[in-house]
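**Student:**
Chains as they are written, first to last, in my numbering: chain A, 1 to 69; chain B, 70 to 242.
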């Protein structure tokens, strides 16, 4: 997991009963992008983060959190 | 027409990733071909034609590997411009990171080569050094790309299993 950023995408996906592929298609990225964001291997761009938040109809801060250093 | 229908069913983002992956693979093969070209200068005459044939085979392999995906991707991009020009995804970011790594190592290699050639005179034609530099840079790029993306394959199956179990748990509740 990235030391700078944590996320709750998997939780939101489970609540919405979505697979990674469903979410990827919904926001126009590949499934690999979603899976690497979830495990923290990849820090998404602002646009992707906002698209994810918009799709789940939640504030981006609820999905992504900066870790305290 | 049936081909166009099949293209409609393909995921454009996935095709964009596939194009990047195939490009990196093609670059790796081209790098090997250039190393064989370098070897031609050093090998004896009886091996020259063999090395040339190997290079030809590798060139055909690159075309066979990339061309179908490139054609499919180009057709899809005309329909899904926004998605296919995705510059923010994981693979495209790793691709750029690999380009940056190759660029840095290119300078290190060029400076090192210059220092060596100032001290030692090998007496080979300029084309040898050009091919060597190209082979090195392309090789570094492809190694970097596959190294940056390798852990992805370690995690992928676990993620799918966990995500499915998360969804199943949600269904049960």
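From the three backbone atoms N, C-alpha and C, an ideal C-beta is built for every residue, glycine too.
To be precise: take each residue of the stretch 38-57 of chain A, compare its Cβ to all Cβ atoms of chain B, and keep it if any distance is under 8 Å. Which residues remain?
**Tutor:** From the stretch 38-57 of chain A, only 38, 39, 41, 42, 44, 45, 47, 48 have a Cβ closer than 8 Å to chain B.
**Student:** Leaving out the 5 sequence neighbours to the left and right, which residues in its chain are closer than 8 Å to residue 49 of chain A when beta-carbon positions are compared?
**Tutor:** Same-chain partners within the cutoff: 60, 63, 64.
**Student:** Do residue 38 of chain A and residue 17 of chain A have their beta-carbon atoms positioned less than 8 Å apart in this structure?
**Tutor:** Result no, Cβ atoms of residue 17 of chain A and residue 38 of chain A do not sit closer than 8 Å.
**Student:** Going by DSSP in three states, residue 66 of chain A sits in which element: helix, strand or coil?
**Tutor:** Correct three-state label for residue 66 of chain A: strand.
**Student:** Are residue 67 of chain A and residue 5 of chain A close, meaning C-beta to C-beta below 8 Å?
**Tutor:** In this structure, residue 5 of chain A lies closer than 8 Å to residue 67 of chain A by Cβ.
**Student:** Might you give, ordered along the chain, the residues of its own chain that have their beta carbon closer than 8 Å to the beta carbon of residue 207 of chain B, omitting 5 neighbours on each side?
**Tutor:** If we look at residue 207 of chain B and ignore the five residues flanking it on each side, its Cβ neighbours are 96, 97, 99, 100, 103, 171.
**Student:** Determine, using beta carbons only, whether residue 131 of chain B and residue 200 of chain B come nearer to each other than 8 Å.
**Tutor:** No, the Cβ-Cβ distance between residue 131 of chain B and residue 200 of chain B is not below 8 Å.
**Student:** Where does residue 57 of chain A fall in DSSP's three states?
**Tutor:** Here residue 57 of chain A sits in coil by DSSP.
**Student:** Is the stretch 123-142 of chain B close to the stretch 188-205 of chain B, with three or more CB pairs under 8 Å?
**Tutor:** No, the stretch 123-142 of chain B is not in contact with the stretch 188-205 of chain B.
**Student:** So, does the CB of residue 85 of chain B fall closer than 8 Å to a CB anywhere in chain A?
**Tutor:** Output row for residue 85 of chain B: interface = yes.
**Student:** Pick from B:165, B:88, B:196, B:209: whose alpha carbon is nearest that of residue 177 of chain B?
**Tutor:** The shortest C-alpha separation from residue 177 of chain B is found at B:209.
**Student:** Cα-Cα, which of B:203, B:196, B:133, B:167 is closest to residue 217 of chain B?
**Tutor:** Taking only the C-alpha atoms, the option nearest residue 217 of chain B is B:167.
**Student:** Determine the direct distance from the alpha carbon of residue 117 of chain B to that of residue 15 of chain B, and round the result to whole angstroms.
**Tutor:** No statement about residue 15 of chain B is possible, as the shown extent of chain B runs from 70 to 242 and does not include it.
**Student:** Just confirm the distance between the C-beta atoms of residue 19 of chain A and residue 83 of chain B, as a whole number of angstroms; I'd bet it's less than 8 Å.
**Tutor:** No, residue 19 of chain A and residue 83 of chain B are not in contact; Cβ-Cβ is about 14 Å, not under 8 Å.
**Student:** Just the Cα atoms here: how many angstroms apart are residue 85 of chain B and residue 179 of chain B?
**Tutor:** Taking the straight line from one Cα to the other gives about 33 Å.
**Student:** Is the separation between the beta-carbon of residue 157 of chain B and that of residue 45 of chain A shorter than 8 Å?
**Tutor:** Yes, they are a contact pair.
**Student:** Below 7 Å on C-beta distance, what does residue 24 of chain A contact in chain B?
**Tutor:** Correct list: 82.
**Student:** Does residue 192 of chain B get closer than 8 Å to chain A when you measure Cβ to Cβ?
**Tutor:** Not one chain A Cβ lies under 8 Å of residue 192 of chain B.
**Student:** Comparing alpha-carbon positions, which option in B:105, B:145, B:159 lies nearest residue 197 of chain B?
**Tutor:** Looking at the Cα atoms, B:105 is the closest of the given residues.
**Student:** What is the C-beta distance between residue 160 of chain B and residue 32 of chain A, in whole angstroms, given that I count them as a contact (C-beta under 8 Å)?
**Tutor:** Indeed, because the Cβ distance is near 6 Å, the residues count as touching under 8 Å.
**Student:** Quick one: measure Cβ to Cβ for residue 55 of chain A and residue 26 of chain A, integer angstroms, because I've assumed they're closer than 8 Å.
**Tutor:** Going by Cβ atoms, the distance from residue 55 of chain A to residue 26 of chain A rounds to 5 Å, so yes, they are a contact pair.
**Student:** Since residue 111 of chain B is in the alpha helix (DSSP H), which residue starts that stretch and which ends it?
**Tutor:** Where residue 111 of chain B is concerned, the enclosing alpha helix (DSSP H) stretches over 81-111.
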